[in-house]
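A quick write-up on the structure given underneath.
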């Protein structure tokens, strides 16, 4: 878990532009501090379910929802466990997406490490998203261009959703990317001398 950064606020801006239907049910996947769930609640959501595998994240989301008087229910669970239980009008996610040598995240690294292609969580989310969205539902997912936006679009469209990139922002590397820049360059993720990454927000809608 880490404090909300550029990627979180990029989703929040995309959500403000798209609008939250009054009384909508919202799912915040990989909620972290609960920031996106709180934003959705303040924008008019009727109920917000925030999920994360981190105990600390769930506690933080509960506290932040309570402080801001948002109807937020935080659960310590994997988003895949919600499949078949219910569907949501809006799904938001800022999942782990930083490429890493292996996928055995522990401690704080669970908030960013996502396997060699950076898609260990993204691929699973794209696969189950059609089963989490209600009729006329919408999802907003943010990740780095290092993870291949085309792969995300292809998977979502393959699942029967309409999908497009609705926001982009280029930002300087944070501490995590700076710390593994050599590995990323050696493995072709970064160009020589590259010190910025492009963030993208992908919107998916039930067709």
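In the working numbering, the protein residues as written are 3 to 209. Ideal placement from N, C-alpha and C gives every residue a C-beta, glycine not left out.
Contact with chain C by residue i, beta-carbon distance below 8 angstroms
i	result
residue 79	Of the chains in the structure shown, none is chain C; there is only one protein chain.
Which listed residue (the options) has its alpha carbon closest to that of residue i
i	options	result
residue 46	28, 63, 183 and 66	28
residue 125	110, 138 and 150	150
residue 58	42, 36 and 195	36
residue 65	129, 191, 87 and 39	39
residue 91	7, 140 and 162	140
residue 164	170, 137 and 147	137
residue 204	15, 5 and 6	15
residue 2	199, 191 and 160	Residue 2 lies beyond the range of the chain shown here (3 to 209); nothing can be said about it.
residue 56	41, 129, 192 and 81	81
residue 162	153, 207 and 190	207
residue 173	183, 166 and 197	197
residue 182	104, 75, 170 and 129	104
residue 10	148, 20 and 97	97
residue 88	192, 130 and 115	130
Which of helix, strand or coil DSSP assigns to residue i
i	result
residue 40	helix
residue 125	helix
residue 57	helix
residue 174	strand
residue 1	This structure gives no information on residue 1, because the portion of the chain shown stretches from 3 to 209.
residue 15	helix
residue 199	strand
residue 8	helix
residue 30	strand
residue 180	helix
residue 207	strand
Inter-residue CB distance, residue i and residue j (contact presumed, cutoff 8 angstroms)
i	j	result
residue 85	residue 133	5 angstroms
residue 17	residue 142	6 angstroms
residue 32	residue 54	6 angstroms
residue 60	residue 30	Going by Cβ atoms, the distance from residue 60 to residue 30 rounds to 11 angstroms, so no, they are not a contact pair.
residue 120	residue 93	Wrong, their Cβ atoms sit about 20 angstroms apart, outside the cutoff.
Buried versus exposed call for residue i [16 or more other C-beta atoms within 10 Å across all chains shown]
i	result
residue 145	buried
residue 224	Residue 224 is absent from the model: the chain starts at 3 and stops at 209.
residue 113	buried
residue 157	buried
residue 199	buried
residue 180	exposed
residue 202	buried
residue 42	buried
residue 177	exposed
residue 79	exposed
residue 166	exposed
residue 52	buried
residue 72	buried
residue 69	exposed
**OP:** Pick out the complete alpha helix (DSSP H) segments inside the segment 81-112, 4 residues or longer, and give them in chain order.
**Re:** Counting only runs of at least 4 residues, the segment 81-112 fully encloses no alpha helix (DSSP H) element at all.
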